[in-house]
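For the record, in the sequence shown the residue sitting at position 236 is 235 according to numbering that gives the first Met the number 0, with numbers rising by one throughout. Backbone N, C-alpha and C define an ideal beta-carbon position, used for all residues, glycine too. Read through the structure below, which is laid out as C-alpha cells, and then see the notes.
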Amino acid sequence: MEIWDAFNKSADAFSPNILRVSFMPSLPVLVLNSGSSSIKFSAYEAGNCERRKLHEGAVDGIGTDLGTFWIKDAEGKKLIDQSPALPNRAVAFKLVADALHSGQFPPPAAIGHRMVSGGPTVKENQLITPALIDEMESYTAFAPLHTPIAVYIMRQALLLFPGVPNFVCLDTYFHRTMPEEAWHMPIPEEYTAIGVRRYGYHGLSYESIVHQLAEQTPQRLIVAHLGNGASITAIRNGKCVDTSMGLTPTGGIISGTRTGDIDPGVLLFVLRRIAAETPNTADAADKLEAFASKKAGLLGVSGVTNDMRGLREAIAQGDPRARMAVTLFTRTVAKWIGSFMAVLGGLDMLVFTGGIGENDIASRAEICAGLGPLGIVLDPTRNNVRGEALISAESSFVAVRVIPPAEDLMIVNHVVRLLQK
Ligand code: ADP
Numbered sequence: 000m001e002i003w004d005a006f007n008k009s010a011d012a013f014s015p016n017i018l019r020v021s022f023m024p025s026l027p028v029l030v031l032n033s034g035s036s037s038i039k040f041s042a043y044e045a046g047n048c049e050r051r052k053l054h055e056g057a058v059d060g061i062g063t064d065l066g067t068f069w070i071k072d073a074e075g076k077k078l079i080d081q082s083p084a085l086p087n088r089a090v091a092f093k094l095v096a097d098a099l100h101s102g103q104f105p106p107p108a109a110i111g112h113r114m115v116s117g118g119p120t121v122k123e124n125q126l127i128t129p130a131l132i133d134e135m136e137s138y139t140a141f142a143p144l145h146t147p148i149a150v151y152i153m154r155q156a157l158l159l160f161p162g163v164p165n166f167v168c169l170d171t172y173f174h175r176t177m178p179e180e181a182w183h184m185p186i187p188e189e190y191t192a193i194g195v196r197r198y199g200y201h202g203l204s205y206e207s208i209v210h211q212l213a214e215q216t217p218q219r220l221i222v223a224h225l226g227n228g229a230s231i232t233a234i235r236n237g238k239c240v241d242t243s244m245g246l247t248p249t250g251g252i253i254s255g256t257r258t259g260d261i262d263p264g265v266l267l268f269v270l271r272r273i274a275a276e277t278p279n280t281a282d283a284a285d286k287l288e289a290f291a292s293k294k295a296g297l298l299g300v301s302g303v304t305n306d307m308r309g310l311r312e313a314i315a316q317g318d319p320r321a322r323m324a325v326t327l328f329t330r331t332v333a334k335w336i337g338s339f340m341a342v343l344g345g346l347d348m349l350v351f352t353g354g355i356g357e358n359d360i361a362s363r364a365e366i367c368a369g370l371g372p373l374g375i376v377l378d379p380t381r382n383n384v385r386g387e388a389l390i391s392a393e394s395s396f397v398a399v400r401v402i403p404p405a406e407d408l409m410i411v412n413h414v415v416r417l418l419q420k
C-alpha cells in the first residue's frame, strides 16, 4: 500500500496510455462501462511497471435496427467496424463477448465494471459475486437509467468469462470523504436511516483528474464534469468535500435530459397532474421519473435536442429556446462554482472535463464570463482549444484548466490494487 500511495503522489507517472504503477505480472485487464443504450469497453496490459492500452470498442444503439459495433487498436486502427441490428442488450453484449473470445484479442485476466451506484450498502470497490449483484440491483432506484444494464452485464460477464475475477468500481467511491453536512439531506431522520442522502456521481472522472494532477493538485480545487450528465465537485487536498449530484444523478446541475435541483413543489404539481389520469401509483412514479430525468434539462427547455453541438447550431440559427436552455445550463454551473468557492473558502484551480467541458469553447466562456470578481478570468485565445490546456489569463487568481477524464485507467488501477490484495 505504501508503494501504491507513493505512486499516487507521483506527478510524472501518469500519461493517457502508459502508467507506471504496480508490482505484479503483466495481465490483460478488461474494462466494461455500460450506458442505457451502449456498452463501451477497453483493455489494458497492466503489469509490473506500466499500463498499456491494447484495444477499445463500443456497441451503441441498443434497441435499434441499425446499431454500431467497433473495436480499434491502441493506435486507433479499426479492427472491427459493423452496423448490426441491436434489438436488446443480450444481442449487444454477445457481440462483444464473441469478439473478445475470437482469439484476435488476449483473453482478460480480470474485468473491472464501472457502476454508477451500489446503493447505501455497497460502498467499496470489490470482487463481484452473484450475491453482491443482487444487492446492488435492489437499489436500482438510486441510478435507474444505469443499474439495470450494468447488473445484466455483470451477470453475463461471470457466465461468459468463467474463472476470471470481476470487480465493481463505483462512481460514488470518490465521494465517500464528504463530511456529513455535505451528504445529510434536510429530511426526517427515518429517511436518512434508510440511505436517502447525497451520494454524488462521476466519481471515477473526478478521481482521474486528481490522479492526473498528482503533485499539482492544489489545496482548493473545483472540477466541473460537463457531459450529457453534468456535475461539479469541490475537492480539498485531493479529497471530495461536496458535490452537486444527490441521491440520484438527476440532482444538481441541469443536464442533457435531467432537471437537476428543482423546487420539490414542481414535482408535486406535476405528480398531481399525472395522478389525475394515472391511478396506478407505480405507473405515476414512472411518469414522474421520465419527466424529471428523460424529458427535462437541455432537451426539455430547448425542445430541440439534449446535445450541445445541436444546441449551438440552433442558437446560431437564432432559436430562442435553444439559447435559453444553454443559458440556464451555463448560469447554473457558474452558481455552483460560486457556492463551492464558499465551501472551500476560495479557490486555487478550476478544471473543466467531460464532453462539453473539453470541447464546448462557448460554454466555458459563458460560465466564466461573470466570475471575474471571484478571481476567475479566461484568456480567450487560450480558451479557443479542445482538449487538455491551461485556459486562464495571466491576470487570473484561479488557474483554469481543461483535462480529459481517464475513467477507464482509474478502473484498471482499482482492479490492480484489488488483485494485489
Ligand atoms: P456522457 O455523459 O454521455 O459521457 P460526454 O461526456 O460524451 O457524455 O458529453 C456529451 C456532450 O458533449 C454532448 O452534449 C455533446 O454535444 C458535447 N460535445 C462533444 N463534442 C463536442 C464539441 N466538439 N463541441 C461541443 N460540444 C461537444
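Asn383: CB within 7 Å of a non-hydrogen atom of ligand 1: No, Cβ of Asn383 sits at least 7 Å from all heavy atoms of ligand 1.
Inside the segment 345-396 only - alpha helix (DSSP H) runs reaching at least 4 residues: For the segment 345-396, whole alpha helix (DSSP H) runs of length 4 or above, ordered along the chain, are 353-358, 360-367, 379-382.
Gly66 and His224 - do their beta-carbons sit closer together than 8 Å? For His224 and Gly66, no; Cβs fall outside 8 Å.
Can you have a look at Ser101 and say buried or exposed, based on whether 16 or more other CB atoms are within 10 angstroms of its CB? Ser101 comes out exposed.
Report yes or no: do three or more beta-carbon pairs, one from the segment 57-72 and one from the segment 85-92, lie closer than 8 Å? Yes, since at least three Cβ pairs between the segment 57-72 and the segment 85-92 fall closer than 8 Å, the two stretches touch.
Ordered along the chain, which non-local residues of its own chain (more than five positions away) have a Cβ less than 6 Å from that of Val269? Excluding positions up to five away in sequence, the list reads Phe290.
Rounded to whole angstroms, what is the Cα-Cα separation between Asp170 and Asn383? For Asp170 and Asn383, the gap between their C-alpha atoms comes out near 30 Å.
Nearest to Gly251 by CA position, among Lys293, Ala315, Lys39, Thr331, is which residue? Measuring C-alpha to C-alpha distances from Gly251 to each of Lys293, Ala315, Lys39, Thr331 identifies Thr331 as the nearest.
Using a threshold of 8 Å, state whether the C-beta atoms of Phe339 and Ala192 are closer than that. No, the Cβ-Cβ distance between Phe339 and Ala192 is not below 8 Å.
Could you check what DSSP says for Pro27 in three-state terms: helix, strand or coil? Three-state result, Pro27: strand.
Are the CB atoms of Asp347 and Ala388 nearer to each other than 8 Å? Cβ distance not < 8 Å, so Asp347 and Ala388 don't count as in contact.
With 16 other CB atoms within 10 Å as the buried threshold, where does Met307 fall? If you draw a 10 Å sphere on the C-beta of Met307, you find 16 or more other C-beta atoms in it, and that means buried.
Which residues count as close to ligand 1 when the rule is a CB under 5 Å from any of its heavy atoms, in chain order? This selection yields Gly226, Asn227, Gly228, Asp306, Met307, Arg308, Gly353, Gly354, Ile355, Asn358, Asp359.
Cβ pair Leu370, Ile336 closer than 8 Å: Yes. Within cutoff.
Residue range of the alpha helix (DSSP H) that Leu310 falls in? Start and end: 307-315.
According to DSSP, is Asp282 helix, strand or coil? Helix, per DSSP.
Taking the beta carbon of Leu31 as the centre, do at least 16 other beta carbons fall within 10 Å, making it buried, or is it exposed? With 16 or more neighbouring CB atoms inside 10 Å of its own CB, Leu31 falls in the buried class.
Same chain, Cβ closer than 8 Å to Ile375, neighbours up to 5 away in sequence not counted: The answer, listed in chain order, is Ile336, Leu346, Leu349, Cys367, Ser391, Ser395, Phe396, Val397, Val399.
Per-residue DSSP class, three states only, for Met114: The answer is strand: DSSP assigns Met114 an E or B state.
Integer Cβ distance of Ser41 from Ile148, believed to fall under 8 Å: Contact between Ser41 and Ile148 is absent: CB atoms are separated by about 17 Å, not below the 8 Å threshold.
Exposed or buried, Asp407, counting other C-beta atoms within 10 Å across all chains shown (16 or more means buried)? The residue is buried, with at least 16 neighbouring Cβ atoms inside 10 Å.
Take the Cβ of Ile186 as the centre, count every other Cβ of all protein chains shown within 10 Å, and call the residue buried at 16 or more, exposed below. Exposed.
Give me, in chain order, the residues of the same chain whose beta-carbon lies closer than 7 Å to that of Ala333; leave out the 5 immediate sequence neighbours on both sides. The answer, listed in chain order, is Ile366, Gly369, Leu370.
Residues bridged to Ser33 by DSSP? Partner(s): Ile38.
Segment contact flag, the segment 277-284 with the segment 244-258, C-beta cutoff 8 Å, min 3 pairs: Flag = no, the segment 277-284 and the segment 244-258 do not touch.
Asn412, DSSP secondary structure in three states: Reduced to three states, the DSSP call for Asn412 is helix.
How would you write the range of the alpha helix (DSSP H) that His210 sits in, first residue to last? That run of the alpha helix (DSSP H) goes 202-212.
Would you say Cys239 and His413 are within 8 Å of each other, going by their C-beta atoms? No, the Cβ-Cβ distance between Cys239 and His413 is not below 8 Å.
Measure the alpha-carbon distance for Ile208 versus Arg219 and round it to whole angstroms. Those two C-alpha atoms are separated by around 14 Å.
Give me, in chain order, the residues of the same chain whose beta-carbon lies closer than 7 Å to that of Val195; leave out the 5 immediate sequence neighbours on both sides. Here Val195 has Met184, Ile186, Leu246 as same chain residues with Cβ atoms under 7 Å from its own Cβ, once five neighbours each way along the sequence are excluded.
With H, G and I counted as helix, E and B as strand and the rest as coil, what does DSSP make of Ser301? Shown here, Ser301 sits in a helix according to DSSP, grouped into three states.
For Gly356, count neighbouring Cβ atoms within 10 angstroms of its own Cβ and tell me buried if that reaches 16, exposed if not. Under this definition Gly356 is a buried residue.
What does the Cβ neighbour count give for Gly344, buried or exposed, with the cut at 16 atoms within 10 Å? Around the C-beta of Gly344, fewer than 16 other C-beta atoms lie within 10 Å, and the residue is accordingly described as exposed.
Under 6 Å Cβ to Cβ from Gln81, same chain only, skipping five residues before and after it: list those, please. The residues are Phe68.
Taking C-beta to C-beta, are Gly60 and Ile79 nearer than 8 Å? Ile79 sits away from Gly60, with the two beta carbons spaced by 8 Å or more.
Out of Glu74, Pro107, Arg235, state which residue places its alpha-carbon closest to the alpha-carbon of Pro161. For Pro161, the nearest C-alpha among the options comes from Pro107.
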